[in-house]
Each structure stands twice: as C-alpha cells, then as structure tokens.
Amino acid sequence: MLTAVVGINWGDEGKGRMVDLFSSEYKVVVRYQGGNNAGHTVVNDRGKFILNLLPSGILSPDTVNVMGPGMVIDLEHLTNEIKALTEKGIEITPRNLKISDRATICMPYHKLQDGLEEDRLGDKKYGSTRRGIAPVYADKYMKKTLRMGQLLHPEYMREQLEGIVEWKNLTLQKGYGHEGISADEMFEWLEKYGAHFKDYICDTTLLLHDEIEAGKDVMFEAQLGALRDIDFGIYPYTSSSSTIAAYAPVGAGVPGKKLDRVVGIMKAYSSCVGEGPFTCEFFGEEAEKLRAAGGEYGAATGRPRRVGGFDVVASRYGVMMQGATELALTKLDVLSCFDKIPVCTAYEIDGEKVYSFPTGERLNRAKPVYEYFDGFGGADISTCRTFDSLPKAAQDYVRYVEDAVGCRISYVSVGAKRDEYIKMD
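Mapping to the numbering used here: the sequence shown position 56 is 56, numbers consecutive.
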C-alpha cells in the first residue's frame with residue numbers, strides 16, 4: 001500500500017498528528033518536498049514534539065524514515081532538531097533515518113537572501129519564513145546548489161562551492177548592497193554540520209524501490225497544503241515546491257510508482273500562516289476567540305495564524321487537486337467554543353455568488369458568504385470514540401462537510417492526543 005498524507009488547504013491542517021497515528025501501520029515514512037519552513041506538531045504518549053524537517057514517523061521506533069530528493073535540508077536546523085528529539089528520548093540513527101544523496105542543501109546564504117528580499121518587498125512581501133526556501137529552490141533549478149551526496153566527496157564539493165559563492169556574491173553585493181560571503185566560511189559550516197550525517201546519506205531511490213517491490217507499506221508525508229502548491233496554489237503566496245499528492249512519488253525518488261491511497265487532512269475550520277488571499281478570514285474578537293480555542297500559532301515560526309470558518313469553496317478545490325480518496329477532519333473539538341458555527345459556503349465576486357475556487361485577481365476580490373450551523377452546546381467531545389457518541393449537532397456538521405466537499409471522511413480528530421479520534425465506519 002502506497003499512501004500519501006497531504007494537506008487540503010493552506011497548511012497547518014494537522015498532518016503530523018495524523019501521520020503519527022498512521023505510522024505504526026507503515027514500515028516506511030517519506031518526506032518528499034519542502035524544508036524547515038513549516039512544522040508538524042505531534043502529541044503522543046511520549047510527549048509533545050514539533051518536527052520541521054524529520055518525517056513524523058521518526059516517533060515510531062520500528063519505522064524507517066526517509067528524507068527524499070525533493071526536499072531542501074538546512075543541516076544546522078536538522079542537527080538541532082535531532083538534538084532536541086534525542087534529549088526527549090527519541091533514538092535517531094542511520095538505522096531509522098535515511099537521507100537522499102539527491103536532496104538539496106539549504107545554505108546560510110539562502111536564508112540571508114530570503115530575508116533581504118522580504119525586506120526589499122516591504123508591504124508587498126510574500127510572508128516568507130525567511131528560512132531560505134525560495135532562494136534554494138530557485139538555485140536548484142538554476143543548477144547552482146549542493147546536494148547531500150556531495151558531503152561524501154568534500155574536495156569536489158569545495159570546488160563547486162567556490163564557483164557558487166562567486167556567483168551568489170554578484171546578487172548579494174551588487175543587487176542588495178550587502179557584504180559578500182566567504183567560501184571558506186561556507187565550507188566550514190558544511191563540515192561542522194554535515195559531517196554527522198555522512199552515515200545517513202544513501203541512494204534512497206534504490207532503498208524505496210526495493211522496499212516497495214518487497215511489498216512494504218510506504219507513507220508519503222507532505223508539507224503544507226494544496227493552496228500553497230507552487231503551481232496550483234494562491235501564487236505567488238505559495239511555497240516553492242509541489243505540495244500535491246501526485247508529486248509524492250517524484251519527490252520521494254520513485255517516480256514510476258503509483259499511489260493507492262490519498263488521505264487529505266483538513267481542519268473543521270480554517271487557518272492560515274503567512275500572506276495572501278484568505279477569503280474566509282475572521283478579524284477582531286471573533287478571530288481571537290477561535291485562535292485561542294485552537295491554539296493557532298505556527299509550529300515553525302510561532303506566528304499567530306489567521307483563522308476563519310470552514311471554507312467549502314477552498315476545501316472542495318483542495319480535495320480535487322489532491323485527488324483525495326478519503327479525508328481526516330481535525331480539531332472538531334475546537335468548535336465547541338461556538339454557539340453557532342460559521343461556514344463559508346460560497347464566495348461573492350463583483351455581486352455574483354461563486355462556488356468554484358477562483359485564481360488571480362478574482363480571488364483577491366472574493367468576499368465570504370457565511371451560513372451558520374448549530375453549535376455543540378459547549379460539550380467536551382474529547383472523550384468520544386464513536387461517531388454515534390458525538391452530539392447530534394456535531395454529527396450533522398461532519399456529514400455536511402463530507403457532502404459539501406465531495407469526499408468520504410474516514411477519521412475525525414476530537415483532541416490533540418494520539419487516541420483522541422474517531423474512526424468512521
């Protein structure tokens with residue numbers, strides 16, 4: 001079974017929590033795109049963990065975790081992430097973590113350039129996390145990056161690095177008016193943070209091919225959601241990689257394989273970190289109420305997330321883009337804070353009701369059309385373990401969402417802990 005777990009909306013849907021739940025069923029978990037610009041928060045019987053680069057399966061002791069060739073890896077961040085997990089008793093060794101020799105290294109100068117560009121844009125900024133993601137992906141497609149496998153061949157890597165630094169200084173010095181970077185300092189950084197990972201680096205394409213041919217179940221874990229996809233998201237306020245399930249085999253390094261199952265993750269309401277159009281957004285007291293109830297602060301940045309009611313238009317589009325075969329609805333318990341639950345059922349653009357997700361300038365002009373559903377009476381539903389045990393209003397809400405987006409809901413999360421969920425019949 002080859003399964004992709006993906007986000008339906010703007011990211012932050014709770015993918016890490018669901019991957020952690022599923023991971024015991026899979027022998028291999030693969031991250032196939034992105035870098036440390038988003039985080040997965042996982043709460044289980046071993047504690048609370050925030051993962052930025054590592055696959056969420058790293059918390060399951062018998063799972064092999066793969067960082068695929070579609071990823072961009074900040075070695076310093078990965079070092080610190082592993083250290084933090086190790087201090088909490090999580091064992092991470094070359095046995096349970098494999099890093100693709102084709103994965104791209106995110107260098108300090110990528111983070112520097114990211115910050116300089118956001119500062120230059122000012123009020124027109126894209127909402128970058130300033131972690132170098134856009135510059136490193138841009139350089140990748142210009143064929144001016146280093147890959148993880150080159151850490152095994154430092155002499156060749158040093159030669160290539162010098163040429164890249166000379167080229168990069170043209171942008172930093174003559175473009176941004178910033179002081180240049182030193183090839184010596186960059187090489188020292190690579191040696192300091194890269195040496196530890198030499199035993200982790202391998203041909204993960206061959207590894208995954210062999211595991212799949214042997215009949216092993218593999219899970220492909222996405223970062224962010226469909227609306228942050230570089231091609232199909234709210235461009236230019238997107239990530240710089242492909243977040244959709246169809247890219248999973250490519251970014252994982254096994255492009256000839258086909259997915260059997262796509263589990264789309266979406267919240268029972270909407271949240272969004274960063275800039276860009278967010279039609280269903282709440283403001284003021286209503287936003288603070290929902291943000292506080294849901295603990296809506298970015299796992300990677302700590303930034304307050306923008307929040308709003310469930311967005312049928314955006315979610316239906318996300319389900320279509322991801323090709324979801326089933327859904328997991330997370331944070332249903334948070335909606336207990338509402339007497340009446342707001343749902344964005346359509347957009348209004350230039351006086352016309354719109355039910356399909358628009359792009360470009362039309363999306364910028366969209367206004368939400370809200371309908372209100374009965375609340376759960378303030379009930380604590382975190383102890384519910386069957387659908388029938390939910391309050392009727394909660395059951396009705398789940399069934400409405402399922403029908404509205406056109407895809408079966410298989411799981412409903414009713415709390416943050418690993419066992420606080422309902423598996424639907």
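Just so it is clear, CB atoms sit at the ideal spot from N, CA and C, and this is done for glycine as well.
With contact defined as three or more Cβ pairs closer than 8 Å, the stretch 115-124 and the stretch 21-30 are not in contact.
The bridge partners DSSP lists for valine 29 are Asn65, Met219.
Following the DSSP letters along the chain, one finds lysine 98 inside the beta strand (DSSP E) bounded by residues 97-100. The stretch 380-389 makes no contact with the stretch 221-239: fewer than 3 CB pairs, one atom from each, lie closer than 8 Å.
Excluding sequence positions up to five before and after tyrosine 372, its CB lies within less than 8 Å of the CB of Lys340, Ile341, Pro342, Val343, all in the same chain and listed in chain order. In the structure shown, the three-state DSSP call for glycine 70 is coil. In the DSSP assignment, phenylalanine 187 falls within the alpha helix (DSSP H) that extends over 183-194. If you draw a straight line from the Cα of cysteine 280 to the Cα of threonine 93, it comes to about 44 Å.
Counting along the chain, the unbroken beta strand (DSSP E) around lysine 423 starts and ends at 421-423.
Fewer than three Cβ pairs drawn from the stretch 171-180 and the stretch 55-75 lie within less than 8 Å of each other, which leaves the two stretches out of contact.
When C-alpha distances from glutamate 296 are compared across Val405, Ile99, Lys331, the shortest belongs to Lys331.
Proximity to isoleucine 73 across Glu87, Ser60, Lys258, Pro55 peaks at Pro55, based on C-alpha coordinates. Beta-bridge annotation (DSSP): leucine 51 is paired with His40.
The distance from the Cβ of tyrosine 109 to that of isoleucine 181 is about 5 Å, consistent with a contact at the 8 Å cut-off.
Cβ atoms of glycine 34 and lysine 267 stay farther apart than 8 Å, at about 19 Å. Distance between histidine 77 and glutamate 213, taken at the CA atoms: about 33 Å. Check the Cα spacing between leucine 85 and each of Ala183, Arg365, Phe49: the tightest is with Phe49. Contact between valine 369 and glutamate 352 is ruled out by a C-beta separation of about 11 Å, above the 8 Å threshold. Contact check for glycine 256 and serine 100: beta-carbon distance about 16 Å, past the 8 Å limit, so the pair fails to qualify.
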